[in-house]
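Student:
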Amino acid sequence: MRFKPIKPKKVSSQIADQIRESILAGDFSPGDKLPPERELAEMFGVSRPSVREALNILSSAGLVLSYQGGGTVVQSLVDPNQGNSLSELIRSQQERALEVIEVRKCMESWTAFFAAQRALPEDLRRMEEIVTSMENNLAGHLSSEDLDANLHIVIARATHNIVWLHLMQSIFDAMKEFQRGVWRAVYLTQEDRSLLYRHHAAIVAAIRTKNAEGAREAMMHHLTFAEQRSTAYVALKGS
Numbered sequence: 136m137r138f139k140p141i142k143p144k145k146v147s148s149q150i151a152d153q154i155r156e157s158i159l160a161g162d163f164s165p166g167d168k169l170p171p172e173r174e175l176a177e178m179f180g181v182s183r184p185s186v187r188e189a190l191n192i193l194s195s196a197g198l199v200l201s202y203q204g205g206g207t208v209v210q211s212l213v214d215p216n217q218g219n220s221l222s223e224l225i226r227s228q229q230e231r232a233l234e235v236i237e238v239r240k241c242m243e244s245w246t247a248f249f250a251a252q253r254a255l256p257e258d259l260r261r262m263e264e265i266v267t268s269m270e271n272n273l274a275g276h277l278s279s280e281d282l283d284a285n286l287h288i289v290i291a292r293a294t295h296n297i298v299w300l301h302l303m304q305s306i307f308d309a310m311k312e313f314q315r316g317v318w319r320a321v322y323l324t325q326e327d328r329s330l331l332y333r334h335h336a337a338i339v340a341a342i343r344t345k346n347a348e349g350a351r352e353a354m355m356h357h358l359t360f361a362e363q364r365s366t367a368y369v370a371l372k373g374s
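Residue numbering for the sequence shown follows our numbering, starting at 136 and increasing by one per position.
1) Within 10 angstroms of its Cβ, does Gln363 collect 16 or more other Cβ (buried), or is it exposed?
2) Can you give me the start and stop residues for the alpha helix (DSSP H) that Val298 sits inside?
3) Is DSSP giving Ser195 helix, strand or coil here?
4) Return the first residue and the last residue of the beta strand (DSSP E) that Thr246 is part of.
5) In terms of residues, what are the limits of the alpha helix (DSSP H) holding Val339?
6) Does DSSP classify Lys168 as helix, strand or coil?
7) For Leu224 and Ser147, what's the separation of their Cα atoms in angstroms?
8) Among Leu331, Ala232 and Ala176, whose alpha-carbon lies nearest the alpha-carbon of Asp281?
9) Give the DSSP-derived three-state secondary structure of Leu212 in the structure shown.
10) Quick test of your reading: Ala291 and Arg253, contact by CB under 8 Å. State the CB separation rounded to the nearest angstrom.
11) What is the rounded straight-line gap between the Cα of Thr344 and the Cα of Ala309?
12) Can you tell me which of Glu243, Asn296 and Asp283 puts its alpha carbon nearest to the alpha carbon of Arg261?
13) Got a sec? Which residues, its chain only, sit under 7 Å from Arg226 by beta carbon, not counting five neighbours each side?
14) Output needed for Gln217: all residues of its chain with C-beta closer than 7 Å, excluding positions within five of it in sequence on either side, in chain order.
15) If distances are taken between C-alpha atoms only, which option among His295, Arg183, Ser244 and Arg333 comes closest to Ala347?
16) Secondary structure at Thr366, three-state DSSP: helix, strand or coil?
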């Protein structure tokens, strides 16, 4: 039997492995910036050239993209150009957004299902914080547009399935402009916003109690309502 000699692993490879594991664990979402090289060097107790080499390894693997003077950004595991193309399509043909919502109904009902089975205490804490902020905004007659989108991403992260998270992030990035229009043109009354709050609170309550089927149904109910309001928005824009 012939054995191969053991080779010590380069420091930069060890750094790259740890950052890769953190990205794949969902600690960073697509579009998030990694800490600056100086901070990473301090965290790992290594030199900046070792960190720079590690980032080059991750960049070659398509996990991050470094910008001169702009830091290092986590890339989506799905086609990074797909979101931009989809965004442009929705901008030029807004009815296509309704097709995206149809896909979201299928995807997100199951992300809620799996989140109910897998959410960790820190995931639940994030969800509760968002729902509490929504409640405060409701009392103060403020919009929860950004909180709404953030909650859906946090639920996707709670599946602890990196593909769910990256797919969801790409879709939300593409839908951002459309969703902003819906919020500002259709969800105008306090009753509308109260209903949205109750939808989200019900989803989180089901996830908290590990009621996977209840979470799936609550998410489907919410997105069916969102689909109806988005249809009204498209009709309003087309008139």
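Backbone N, C-alpha and C define an ideal beta-carbon position, used for all residues, glycine too.
The structure displayed is predicted, hence computed values, not measured ones.
Tutor: Taking the structure as given:
1) With fewer than 16 Cβ atoms within 10 Å of its Cβ, Gln363 is classed as exposed.
2) Element bounds for Val298: Ile297 to Ala320.
3) Reduced to three states, the DSSP call for Ser195 is helix.
4) The continuous stretches of beta strand (DSSP E) do not include Thr246, which lies in the alpha helix (DSSP H) extending over residues Arg231 to Arg253.
5) For Val339, the enclosing alpha helix (DSSP H) covers residues Gln325 to Arg343.
6) Strand.
7) If I take the Cα positions, the gap works out to 41 Å.
8) Nearest of Leu331, Ala232 and Ala176 to Asp281, Cα basis: Leu331.
9) Secondary structure at Leu212: coil, using DSSP grouped into helix, strand and coil.
10) Their Cβ separation, rounded to whole angstroms, is 11 Å, which puts Ala291 and Arg253 out of contact at 8 Å.
11) Thr344 and Ala309: Cα-Cα distance of roughly 32 Å.
12) Comparing Cα positions, the closest option is Asp283.
13) When the five nearest sequence neighbours on each side are left out, the beta carbons in the same chain lying within less than 7 Å of the beta carbon of Arg226 are those of Glu312, in order along the chain.
14) With a pLDDT of 47 at Gln217, under the threshold of 50, the predicted position of this residue should be treated as unreliable, though the coordinate-derived value follows. These residues qualify, in order along the chain: Ser305.
15) Taking only the C-alpha atoms, the option nearest Ala347 is Ser244.
16) In the three-state scheme derived from DSSP, where H, G and I count as helix and E and B as strand, Thr366 is classed as helix.
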